[in-house]
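Shown next, in structure tokens, is the structure this report addresses.
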Amino acid sequence: MITRTIFSGFGGQGVLLMGYVLSHGAMLKGVNVTYFPAYGAEMRGGTANCTVTISDRKIASPVASQPDILVAMNLPSLDKFGPTVVEKGLVFINSSLVNEEPPRDDVEVVKVPTLELANEVGSERAANMVMIGAVCAKSGLLSLKETIEGMKAALKAKEKFFDLNEKGIRRGFDFINQAR
Numbered sequence: 092m093i094t095r096t097i098f099s100g101f102g103g104q105g106v107l108l109m110g111y112v113l114s115h116g117a118m119l120k121g122v123n124v125t126y127f128p129a130y131g132a133e134m135r136g137g138t139a140n141c142t143v144t145i146s147d148r149k150i151a152s153p154v155a156s157q158p159d160i161l162v163a164m165n166l167p168s169l170d171k172f173g174p175t176v177v178e179k180g181l182v183f184i185n186s187s188l189v190n191e192e193p194p195r196d197d198v199e200v201v202k203v204p205t206l207e208l209a210n211e212v213g214s215e216r217a218a219n220m221v222m223i224g225a226v227c228a229k230s231g232l233l234s235l236k237e238t239i240e241g242m243k244a245a246l247k248a249k250e251k252f253f254d255l256n257e258k259g260i261r262r263g264f265d266f267i268n269q270a271r
């Protein structure tokens, strides 16, 4: 099993943290992981993306030129990475900001209204946690417990954010489970 995921969006949307949560959750699960962040010159408002590869075997490269899963938090990210997703891959779209879909019919598109769902749990700042919850619920990469533990490991010195982030993750899982 090898799964390559690209998280992408504007700086400030928590894109790198989503990848970090997935990475930590996968490490705690005991599988091999690579985490490869990239961001533009300016942090907030610039572009940001990261690649997370999870495998039960050794990982040869952290680069994901053809990801199995794409998380597009904004339209430029969908435009840039949408064409690279493998056939039958998963494309998660932040439908709070993106009204378009990739112009292909060989991928499964999951629209997640991150801002609306985050507001339900108390703050738009939880939008990225809603999305990582949805990604893990739909893909099966991590269980709810593993995702929450991954978040806690990723933010180990910032316990004050645990409660809101956990609520966001749970809301993302619930959103996917209600759609089934």
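In my numbering, the protein residues as written are 92 to 271.
No residue lacks a Cβ here, since even glycine has one placed at the ideal position from N, Cα and C.
Cα atoms of A129 and D265: separation of roughly 30 Å, rounded to the nearest angstrom. With distances taken between CA atoms, P167 lies nearest to L188 out of N268, L188 and S156.
Check the Cα spacing between V177 and each of R95, Q269 and I267: the tightest is with R95.
With a beta-carbon spacing of about 6 Å, A139 and L107 fall inside the 8 Å limit used to define contacts.
A contact is defined here as three or more CB-CB pairs under 8 Å, and the segment 187-201 fails this definition with respect to the segment 139-159. In the DSSP assignment, E237 falls within the unbroken alpha helix (DSSP H) covering L235 to A245. I260 and F253 have their C-alpha atoms roughly 10 Å apart. Note on S152: under 16 other CB atoms within 10 angstroms of its CB, so exposed under the neighbour-count rule. Selection M109, N268 and A217 evaluated against V201 yields N268 as nearest (Cα-Cα). Assignment of beta-bridge partners to A129 by DSSP yields N140. The Cβ atoms of A217 and G116 lie no closer than 9 Å to each other. Within the same chain, Cβ atoms closer than 6 Å to the Cβ of L113 are found at V143, the five residues on either side in sequence being excluded.
By the CB criterion at 9 Å, F183 and A225 fall inside the cutoff.
A direct Cα-Cα distance of roughly 6 Å separates D159 from L181. For F183, the beta-bridge partners assigned by DSSP are V162 and V201.
T94 is bridged by DSSP to I145.
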